[in-house]
Structures are given as C-alpha cells and as structure tokens.
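Going line by line, the protein sequences match chains X and P.
Counting from -10, one number per residue, gives the positions in the first sequence under the numbering used here.
Counting from 18, one number per residue, gives the positions in the second sequence under the numbering used here.
Every residue gets a Cβ at the ideal spot worked out from N, C-alpha and C, and that includes glycine.
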Amino acid sequence: MTDNDQAILAAAEMSPRIARYSRTFDYLIVVIAAFLVWSVTHIHFLLFAGDWDFFIDWKDRQYWILITPIVSIMSAAAFQAIFWTLFRLPIGATASALLFLIGVWIVRYHAWEGMAYFPLSLVVPATGLVGAMALDFILVLSRSWVITAVFGGVIYGLSFFPTNWIYLAPYFQPAEHMGEMASVADIIGYVFPRSGTPEYIRIIERGTLRTFGDSANWVSAFFSAFVCMFAYSVFWLMGVVACTPKYIPVGYRFKELYGAKIDAGAL
Amino acid sequence: MKKATLLVWAATTLLFSLMDQAAFAHGERATEPYIRTRTVHWYDVTWSTDALNVNDTVTVQGKFHLLNDWPDSVSLPNLVFLSNGSPGAVMTRVESYINEIPARQSTKGLIVGRDYDFKLVMKARKVGQWHLHPVMNIHGAGAVVGPGEWITVSGNEADFKDPLTTLTGNKIDDLQTFGVSRVQMWQFGFGLIAAVWILWWLRRPLIISRWLVVKKGREDLLITPMDDKVAAALLVLLAIVVLVGYTRTTSEFPELVPLQSGSLSTPPLPKPPHAVEIKFKRAEYDVPGRSMRLSVEMTNTSDQPVSVGEFTTANLRFINKSLPAAVAAVSSKFPKELVPRNGLVIDHPEPLAPGESRLVNLDTTDAAWEVERLVSFLSNVDSRMGGLLFFYDGKGNRSMSEVYGPIVPVFKKTI
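As structure tokens, then:
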C-alpha cells in the first residue's frame, strides 16, 4: 500500500479492518459494474449504430466515420461522468470502450461466425478505444469536463478514422469481380451472403460528400469531431444527473403496501 | 403412477435433447400470402445438382414474372437485389445474374407484367443439408422467396478456400480469414494500453473510500502528480502510435478504393407467347375443404387448340395430370412438396379451339394451402389472389397468362 493509499484511507476515516472489508466490496462492485458498463454500452451501440459496424462492406467513407464515433462517445461520456463525479476515477470512457470491444469480439466469434457461419473477415469490428483513452487522459490532465468536451471530443471524433484505418485499409484494395471493380470489402460482403440484408439497404455516401473526392474520409472525420463535442457534453450531463439520487415522496398507504410498519400515533 | 409419469417425462426430455435441434427454416413461409401470390412468380427454376462436395458449385437458374396485379401496399420493384435464401453463409455466392447482367449490386427499374431470367452460382462451404432458394429482395417490400431445394454438402470444411488477387497484384489466400489477424493484433495492442490504464486505478482503494474522500473535498489525494504524468505519457504514446501506424498503412496500401455502390438496369425478356386471354370471374377458398377454386373465362387467341396445363402461385405448382405435356414439364428433381398431389382439376378439360371462349372452373385442392401458410390471405385488408396459368398446344408449345382477382372465403362449395 502506498503512502497515497494510506492517506486516502485516513481521510476516509477507515480502520485497517474496515479498509479490508471495503477492498472486498471493491472487487465485487468492479465485477458487477463491468457487466453493467459492458451491457449498456453494447445495447446502446447496437440500437443507434448497428449495421455500420457489423459488416466490413458497410464501413463507408461517410456514415461509418460519422455515426460510429458519435454514437460510441455517448456511453463513454456518460460512464466517465458517473465514475468521475462519484469517485474521481478517470476510467469510465476507457472501460466503456474496452468492455464493449471485448463483448463485440465474443459476439462476432460465437454468434456471427459460430451460429450464422459469417467469417470474421466480414464482421471485424472497429473501435473507439483510442479516443476513449484520450478522453480519460484529458480529463485527468484538465480536471474539467468542458475542456474534455472541447479537446477530448474533437480528438475522439478525429482519431476514429486513422486509428481504424491502420488495420482496415487492406479491405479497401481494388479487385475485379464479375467484370466490375470492387473493393475487397465489397467482394467479401457479396461472397458470404446475408439473406436478409440486400445490397440496396447499405447507405453508401448518399449526398454530395463525394464532391470532396479523395478527402471524403477526412471531411467526415472533422464533422464527426464537431458533433462529438456536443454529444459528449449532453451525455456527460446525463451521467451527472444519474449520480444525483432523487426520491419520490409517497404516502403511508403506499409504504404499508410494501410492508412498512406505520406507527398510527405518528400519523 | 407418479413415478411412471416422471419416467415418461424424463425419457421424453432425454429423447428431445438427443435429437437434432437445428432450425432449418429461414422464413420462406413467413411473407404474407398477398405478397407471395401477387408479386414475383418464379418458374422454370432448376438446380444443377442436389449433392456436392465442399468447394463444388451449384447453379440455380430460372425465370420470374412480375404480376400486373401488384398490391398497392407493396413498393413497386424499382430497386431489387437478387439473393439466395439459406441458413447463413453455408454456401458462398460466386456469381449472380439477372438477364445475364451481373447482379453483384442492386438492379433498378424492373417492369411489372414482364419476365426476367436469373442465375445464381453458389459454392459449397459448410457440410450439411441446406435448403437453397433464390430470393428477390424488393426495396420497401422485403424478400420474396422462390422455391427451395435441399442441397447435401459433404467433404471437409477445412478444405474450403476463397482466394483472390487484387488489381494491384496482392494475393489473398482466403477471404474468410483475410485481414483478421491484423485487426486483432492492433486492437489487442490498444486494449493492452487501456487495461494498463484501468489497472493503474483499480489497484488503489476504490469505491467507498474514494467516495468518502470526494465528499470531504480532499480531491487532491485522489489524483496525484504521478497520475498526470502517466496520463500525459500515454496520450503522447497513443498519438505517436496512431500517427506512425496511419502513415505506414497509407504507404503500404497506396491504391485504395471506396466501397462501390450503385445499381444496374436491364430490359425485360421479350414477351413470352400469350395464347389465351383470361377474364376473371370468381375465386373462392373453401376453408374446410382446403381448396382454392377459380372461375375464369378463357379465350384462345392463337391459331392452335390449347389446354390448361398448370396453375402456379407462391411457388406451388398445380399440374393438370391429364395433360402429358404439363406433367413432362415438371422435372423429377423439382421439390415434391411444391407439387401438390391432387394437382389441377378442370371441369372442361378438352382443348380450347382457336377463337373459342369458354367458362372454366379450376379446382386446386390440397393441404399445401395450409402447409405453405397461404390461407391467411383471407384476413388481409386486400383479399385478392394471383397466379400464372400455363397452356400447351398439341405440339407441346407453352404459353402463359396471368390470372388475378378478389378471393372470397366460403364454407361450402358455390362454384
């Protein structure tokens, strides 16, 4: 135990015995919290980003780069706010992204490949882990959620594309398929059929983004960074609200209904 | 008695747990009947084989007709995608065509009332017995599943490979595994840094102690100067890793392309021979008798006498067994469950002479109406039926006519 740890326990007025119990409690809570963070982040992402990160042939230059970081920063910000507000623990964003990544790989192995026979090359996930770590680092350094929103939010949105491009770029090599040019990702999406996912439901660069030519990726990344600042702020504040317990006043009949013994004289 | 009941219960449970529980269905009967009977009608569908080894291919080909009586509530086939129905990626799709035009992407502008041919080439990947259908996905309407055949795949799954050479000359050994280890390696690396950061904090007094310290306003104890240094160092480390990694990747793969999106178009097939004009009179579904009866006025507009050979709807083929040409048109390999045993019964089966008009009652009685879940069309807001009638002249030449109209549920015979 370091001097700092002892100073914390002293400030908390914990005896060595209570500190030991508290440590056991820590272990239990960490495990439970991990599952909670994991599941909430996963469900949130599936509901709002879903297909854009399921399949390699959905990872386009516009919506994948835009939607995936904006959605994933939401749970990162909310959990960061909760961990920071209550415990001054700057690990909420990193834990959210890391647990989500572990969960995604488990699902990709067991559900997508194991049960539906989709090869992993079709369903490799992207991750916002680097941006999430940057959020936590900046929060520690600045001690300010506003500065974290402005700088961390921008870094989160901007770093998503280059980080994931390091390992996803090979999927965008050109190849010839049935007399047409296609990316390897397109071919993987075609070759391993998804009966319920026809090609036309992919939303690939709809709009005028392609007027930016080869820079479309970076235009999306900068816009994503801009939106991430606001998404972070909104969800940070929601996390803070979640840390503030509120009680609804109820009458004695309601309390009796739930087994409370009401002293008639006190009424 | 109680013991015997328990024993039976246990034995039944054991039996069911040992039986193969795999679900083979993949929604071929799930689409509403008014879509299956009034949109895409598949015909002349064949499978090149029903047994193959891993890496062998099977070709599914045939034609489909888009019925003129397309339901109002279903989007027109302005954008479609030809696919296959099978339980997951048990087979890979090698090629697909509509009217010999590659259908790698979606096809736009199909015309209602016209015919198209299709071809799917599939390669066996997973060992087992798989139901393989052609499927037409219609934007805004969903999937219309064609007839399915059971395909038996044997061999060794480990032998399956799908190699590819890119336009830049890079050789990919197998698309199934391509790039996966690179993704895992990098994500594991980032995960390791994240884990170090989390453990850096978890090793200290955590929940209650930190909460109490926060309450007392002693935050200076919770974040130390060393924490600042570690955070700054890791931030710089990550920035360098990402910058170097991205730069090296762009130089390693200088020629990259975005995802390819778009749609193709193709004109329909020439109109097939049309020897008989159909005037719809009445259709009813006899609920207790499981019989769909049609009353139509047929007029032979050709110069040859013709006979009714087949009525097809929702992949069911009701064959007039008294007409050899119609019977011969059904391949022995066509799925038996889609050819109802009772066939098509016609009250006036004699050939229709050139120029002749005749009121004809057609009877299609079979449990297949129930089995294929087609009777719920009686509860639709738009209770209509549709299908194709095939006619044969004395030389065995085939012509096709659409038939469609409202359908009435009845509980006793009226026509």
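Judged by DSSP in its simplified three-state form, His99/X adopts helix. By the C-beta density criterion, Gly411/P is exposed, having fewer than 16 other C-beta atoms within 10 angstroms. Residue burial annotation: Arg55/P is buried, with at least 16 other C-beta atoms found within 10 angstroms of its C-beta.
Excluding residues up to 5 positions away in sequence, nothing lies with its Cβ nearer than 8 angstroms to the Cβ of Ala100/X in the same chain. Contact annotation, Phe407/P with Glu327/P: C-beta distance approximately 4 angstroms; criterion of less than 8 angstroms satisfied. As a beta-bridge residue in DSSP terms, Gln146/P pairs with Thr169/P.
Residue ranges of uninterrupted alpha helix (DSSP H) with 4 or more members, entirely inside the segment 36 to 121 of chain P and ordered along the chain, are 50 to 55. It is roughly 15 angstroms from the alpha-carbon of Val173/X to the alpha-carbon of Glu188/X. The continuous alpha helix (DSSP H) containing Phe126/X extends over residues Leu118 to Ser131. Look at His166/X here: in three-state DSSP terms it is strand.
With respect to Trp41/X, Gly92/X sits apart: the two C-beta atoms are not nearer than 8 angstroms. A Cβ-Cβ contact shorter than 8 angstroms links Ala220/X with Met63/X. If you compare the alpha carbons of Gly141/X, Phe181/X, Ala86/X and Val216/X with that of Phe24/X, the shortest gap goes to Ala86/X. Put simply, of Ala385/P, Met315/P, Thr330/P and Asn154/P the residue whose alpha carbon is nearest the alpha carbon of Ser324/P is Met315/P. The closest CA to that of Ile240/P, considering only Gly146/X, Asp49/X and Val129/X, is found on Val129/X.
Rounded to the nearest whole angstrom, the C-alpha separation of Thr63/P and Asn332/P is 13 angstroms.
Residue state for Tyr302/P is assigned as strand, using DSSP reduced to three classes. Any Cβ of chain X closer than 8 angstroms to the Cβ of His148/P would place that residue at the interface, and such an atom is absent. Flagged as an interface residue toward chain P: Arg50/X, by a C-beta distance shorter than 8 angstroms. The continuous alpha helix (DSSP H) containing Ser222/X extends over residues Ala205 to Ala231. Where Arg375/P is concerned, the enclosing beta strand (DSSP E) starts and stops at Ser374 to Thr382. Counting along the chain, Tyr133/P sits inside the beta strand (DSSP E) bounded by residues Asp132 to Ala141. In the DSSP assignment, Tyr189/X is bridged to no other residue. Here the C-alpha atom of Ser339/P lies approximately 13 angstroms from the C-alpha atom of Ala346/P.
Among the residues facing chain X, Phe351/P is not included, as its CB has no counterpart in that chain under 8 angstroms away. Burial is judged here by how many other beta carbons sit within 10 angstroms of a residue's own beta carbon; Leu36/X has fewer than 16 and is exposed. For Tyr263/P, DSSP assigns no beta-bridge partner whatsoever.
Counting only residues of its own chain and dropping the five nearest sequence neighbours on each side, Arg220/P has no CB closer than 6 angstroms to any other CB. With respect to the C-alpha of Asn173/P, the residue from Phe351/P, Ile424/P, Val425/P and Leu69/P having the closest C-alpha is Leu69/P. Selection Glu2/X, Ala82/X and Ala115/X evaluated against Phe44/X yields Ala115/X as nearest (Cα-Cα). Within the segment 40 to 91 of chain X, the alpha helix (DSSP H) runs of at least 4 residues that lie entirely inside it are, in chain order, 40 to 43 and 52 to 76.
Between the C-alpha atoms of Phe177/P and Leu96/P there is a straight-line separation of about 33 angstroms.
When the beta-carbon positions are compared, Arg310/P and Asp380/P come within less than 8 angstroms of each other.
Residues are counted here when their Cβ sits less than 9 angstroms from a Cβ of chain X; for the segment 178 to 205 of chain P these are Asp179, Leu181, Thr182, Thr183, Leu184, Thr185, Asn187, Ile189, Asp191, Leu192, Gln193, Thr194, Phe195, Gly196, Val197, Arg199, Val200, Gln201, Met202, Trp203 and Gln204, given in chain order.
Within the segment 210 to 224 of chain P, contact with chain X at the beta-carbon level (separation under 8 angstroms) is assigned to Ile210, Ala211, Ala212, Trp214, Ile215, Trp218, Leu219, Arg221, Pro222, Leu223 and Ile224. Remark: C-beta atoms of Gly404/P and Thr330/P approach each other more closely than 8 angstroms.
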